[in-house]
Amino acid sequence: MEQHVIIIGLDPGTRITGFGIIKVSGNQYQALDYGCIRPPSKDLLTDRYLIIYNALEEIIEKYKPDALVIETQYVKENIQSAIKLGMVRGIAIIVAKSAGIPVFEYAPTKAKLAVVGRGHASKAQVQRMVQVLLRLSQLPEPEDAADALALAICHAHSAQHRELMAAQI
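Residue 226 is where the sequence shown starts when you use the numbering used here, and the numbers rise one by one after that.
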């Protein structure tokens with residue numbers, strides 16, 4: 226029986242939350258699904274949170290992942306944006322942990338380094354390398370989904386992933 230791990234990458238946001246699901250078998254990666262959760266921007270923020278929560282529950286139920294990987298939070302200048310983003314991160318963490326799924330975090334620069342080889346790579350470079358690594362016929366769109374796939378690939382390269390694989394033997 227082939228041993229594999231399913232990893233969900235998540236690029237959280239209140240307007241667009243990118244997700245990417247990959248199956249890892251040894252050193253082979255396969256994209257199972259990717260896209261974005263886009264709550265209507267006219268909706269109340271609390272309603273958008275619920276839409277994100279429900280969508281993540283559905284994705285986790287469908288793919289039954291072994292790990293959820295989420296982008297670390299950083300605060301630029303807008304504290305309110307950081308607080309809202311923190312809420313989405315919290316929702317994702319609660320949905321995953323409620324389903325018994327371990328959660329891992331990586332900085333965007335670490336994901337870019339793992340996928341492109343440069344921590345400050347452009348969005349276009351990330352999209353192109355994700356396309357190559359996952360053997361996709363076209364660029365993963367939108368950028369949020371490509372970023373989520375990059376996070377999943379980053380985790381597949383990590384020591385934490387190897388420990389998860391070893392635990393399944």
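Note that the Cβ used here is the ideal one computed from N, Cα and C, for glycine as well.
According to DSSP, is residue i helix, strand or coil?
i    : result
D268 : coil
I394 : Residue placement at I394 is poorly supported in this model, since its pLDDT is 41, which falls under 50; the coordinates still yield a value, given next. Coil.
I276 : helix
E330 : strand
L235 : strand
G260 : strand
A346 : coil
L281 : helix
Q356 : helix
Y299 : coil
L338 : helix
K465 : What is shown of the chain runs 226 to 394, which leaves residue 465 out entirely.
Taking the straight line between their C-alpha atoms, what separation do you get for residue i and residue j?
i    : j    : result
V328 : V351 : 22 Å
T239 : R273 : 7 Å
V357 : A371 : 12 Å
V355 : V341 : 8 Å
S204 : G243 : In the structure as shown, the chain begins at 226 and stops at 394. Residue 204 is therefore absent and cannot be evaluated.
G211 : Q228 : Since the first and last residues shown for the chain are 226 and 394, residue 211 lies out of range.
K309 : I262 : 16 Å
L257 : V294 : 15 Å
I394 : L270 : Here the model assigns I394 a pLDDT of 41, short of 50, so the residue's position is not dependable and the matter cannot be decided.
The beta strand (DSSP E) with residue i in it runs from where to where?
i    : result
T242 : 242-250
A292 : 292-296
Give me the DSSP bridge partner(s) of residue i.
i    : result
Q255 : K248
V230 : V249
Could you tell me the boundaries of the alpha helix (DSSP H) in which residue i lies?
i    : result
I371 : Reading the sequence as shown, one finds Ala at residue 371 and not Ile. A371 -> alpha helix (DSSP H) spans 368-382.
G211 : Lying outside 226 to 394, the shown extent of the chain, residue 211 is not represented and no answer is given.
To the nearest whole angstrom, what separates the beta carbons of residue i and residue j, a pair I think is in contact under 8 Å?
i    : j    : result
L374 : G234 : 6 Å
L281 : A317 : 6 Å
P333 : E302 : Rounded, the Cβ-Cβ distance is 17 Å, inconsistent with contact.
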